[in-house]
Amino acid sequence: MEFSTSSAEFEGSDSHSGLPSILEPKLRSLLSNGPATQSFQQETAHTARGWLDLAHESAYADDLDWALECAKHGLASAGTNPDVKLGLYRLLASVHHKLDDETAMQHAITKRTELLRSVGQTHQADMEDQL
């Protein structure tokens, strides 16, 4: 698979990149201006999905404490979509695993499998329990 390094694919307001809305402007800026030092802790989100995106960015940047904070903000958001919550619990489990916090990791996995069952995804929950 080939990847283009051209920013032309991301230019214009009608981009169909499929990227989460919070990521596309950052990617455009990076492609246009090159890398810059960025403090993820200065960013906030207004939705659980936004917090999930920030949590992912922070985890990828190895800012694990901020990734955990972002995930907790996302879970605390009122009316959070179950699919977003599932992603937040997955991220929490991954970050806690990276931090060697097995208790917190297991708690996140348990919350995720409980949520899977509550939305009727029992087969997925059973498979994740076995792992």
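Numbered continuously in the working numbering, the sequence shown closes out at residue 114.
Idealized CB from N, CA, C, for every residue including glycine.
Check                                                                                                                                                                 : Outcome
Please state the DSSP three-state secondary structure of residue 60.                                                                                                  : coil
The alpha helix (DSSP H) with residue 67 in it runs from where to where?                                                                                              : 65 to 81
Would you kindly report the start and end of the unbroken alpha helix (DSSP H) that includes residue 114?                                                             : Residue 114 -> no alpha helix (DSSP H), and no H or E assigned at all.
Residue 41 and residue 31: beta carbons closer than 8 Å?                                                                                                              : no
Grouping DSSP H, G and I as helix and E and B as strand, with all else coil, what is residue 40?                                                                      : helix
For residue 52 and residue 38, what's the separation of their Cα atoms in angstroms?                                                                                  : 8 Å
Between residue 35 and residue 74, which are expected to be in contact by the criterion C-beta below 8 Å, what is the C-beta distance as a whole number of angstroms? : 7 Å
If you drop the 5 nearest sequence neighbours on each side, which residues of the same chain put their C-beta closer than 6 Å to that of residue 63?                  : 31
Quick check on the burial criterion: 16 or more other C-beta atoms within 10 angstroms. Buried or exposed for residue 79?                                             : buried
Take the Cβ of residue 72 as the centre, count every other Cβ of all protein chains shown within 10 Å, and call the residue buried at 16 or more, exposed below.      : buried
Skipping 5 residues on each side, what residues in its chain have a beta carbon closer than 7 Å to that of residue 96?                                                : 108, 111 and 112
Check this for me: beta carbons of residue 68 and residue 82, under 8 Å apart or not?                                                                                 : no
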